[in-house]
Amino acid sequence: AIGCYVAAEIGVSSWLVRFLGSAPLTTATGALSLFWLGLTLGRLMSAVLGDRFDHLRFAVIAAFVSGVALFGAVVVPDLTVSIALLAVVGFAFGPVYPLIMTVAGQRFPGRTAAISGLLAGAAVVGGTLYPPAMGPLSETVGLGAAMVGAGVLAVASAGALLLVRRPPALNTA
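The sequence shown: position 2 = 4 (this note's numbering), numbered continuously.
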């Protein structure tokens, strides 16, 4: 889940300015700033409100909303609406990373150091695989499709988180 999420987050932030390449550079970089402002506000909001909700459900919803908003940002024909949706993507991305860490810590309370290290490593793998792949994808299928791919990864993160709801398998040995 965290690898897919970080792949999507880094992919969007790395390629957003290029994606908005038809807009003036100040507009495109302003959109990137709005994305990061949204992410920051989403993270701060989750720090304040996160414990009022089921952590896993909150993470699933946030990851799903980010993917849907990213799809909307890619397909909507209006630049202003696209930029607003990219800010929503950032806001929805905000809670995902800390909530995944929280859910894992709750799931494995006696192994928090090992689990957080494993998750941080998975995050790095996601962040180093998909964002660079978006370059060749942009030349073959287009940057819009590569950005949709980041949205698919965000939704995949939500799907992977849903698997956490399953109870652990019983050891019959």
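Idealized CB from N, CA, C, for every residue including glycine.
Per the coordinates, the alpha-carbon of Asp56 lies some 9 Å from the alpha-carbon of Val105.
Taking C-beta separations shorter than 6 Å and ignoring five residues to either side along the sequence, the partners of Ser16 in its chain run Pro133, following chain order.
About 4 Å separates the beta carbon of Ser68 from that of Ala94, a gap short enough to meet the 8 Å contact definition.
Check the Cα spacing between Arg20 and each of Ile12, Glu11, Ala71, Thr31: the tightest is with Thr31.
Leu51 is classed as exposed because its beta carbon has fewer than 16 other beta carbons within 10 Å across all chains shown. Here Val143 is exposed, its C-beta having fewer than 16 other C-beta atoms within 10 Å. For the pair Ala135 and Val126, the Cα-to-Cα distance works out to about 15 Å. When C-alpha distances from Leu131 are compared across Gly151, Ala115, Arg113, Ser118, the shortest belongs to Gly151. Around the beta-carbon of Arg45, 16 or more other beta-carbon atoms lie within 10 Å, marking it buried.
Here Asp53 carries a helix assignment [DSSP, helix/strand/coil].
Cβ-Cβ distances below 7 Å link Leu88 to Leu18, Ala33, Leu36, Phe37, Ala75 in the same chain, with the five nearest sequence neighbours on each side left out; the list follows chain order. Between the beta-carbon of Leu163 and that of Ala61 there is about 5 Å, and that keeps the pair under the 8 Å contact cut.
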